[in-house]
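The structure appears right after this line, and notes come after that.
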Amino acid sequence: MLKIAFIAHDRKKDEMVNFVTAYEHVFEGHQLYSTGTTGQRIMEGTDLKIHRFMSGPLGGDQQIGALVAENEMDLIIFLRDPLMAQPHEPDINALLRLCDVQGIPLATNIATAEILVKALDRGDFAWRELVHKYKPGAEI
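Going by the UniProt record's numbering, the sequence shown runs without a break in its numbering and finishes at 140.
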């Protein structure tokens with residue numbers, strides 16, 4: 001069971017709901033997280049249960065970032081709107097940086113998200129189980 005987070009800027013929320021609906025069968029059985037409104041919209045459009053954090057501008061990106069910093073997140077789908085300035089841009093950049101530091105797969109557009117979800121469906125994320133098994137403090 002992997003920990004997967006969904007984040008979508010306002011003009012990308014419909015696209016996120018459609019995407020998650022299309023791959024609902026892949027996401028079932030995983031621990032799902034999201035920023036506030038995005039998570040609510042996904043739950044309204046699917047049968048998935050999602051742990052919702054605050055809205056992105058209110059700190060939701062940072063809450064997900066805290067899990068990334070502890071290497072407790074396995075995959076993030078963050079549909080960003082590159083054509084709209086975001087008031088919490090420093091938080092977004094910090095999250096992207098943390099994903100790079102921890103080696104967390106991150107999709108920032110629908111094309112990359114689809115590639116990662118197809119890999120997830122094939123079982124190509126088994127390496128993340130090893131990350132958790134051998135991290136400091138884990139029982140072997």
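Beta carbons: idealized from backbone N, C-alpha and C, even for Gly.
Item, Value
"Taking only three categories from DSSP, how would you classify residue 53?", "coil"
"DSSP has residue 76 in a bridge; who is on the other side?", "5, 106"
"Return yes when the Cβ of residue 104 is within less than 7 Å of the Cβ of residue 73, no when it is not.", "yes"
"Which whole-angstrom value is the C-beta distance of residue 107 and residue 77, which I expect to be below 8 Å?", "5 Å"
"Quick one: give me the first and last residue of the beta strand (DSSP E) that residue 31 is part of.", "31-34"
"Would the region 37-51 and the region 119-128 be scored as touching if the rule is three or more Cβ pairs under 8 Å?", "no"
"When you compare the CB positions of residue 50 and residue 32, do they come within less than 7 Å of one another, or not?", "yes"
"Pop quiz: residue 95 and residue 68 are said to be a contact at Cβ under 8 Å. What is the actual Cβ separation, rounded to whole angstroms?", "7 Å"
"For residue 62, report the span of its alpha helix (DSSP H) as first-last.", "60-69"
"With a cut-off of 8 Å on the beta carbons, I'd call residue 19 and residue 113 a contact; round off their distance for me.", "6 Å"
"For residue 17 and residue 62, what's the separation of their Cα atoms in angstroms?", "22 Å"
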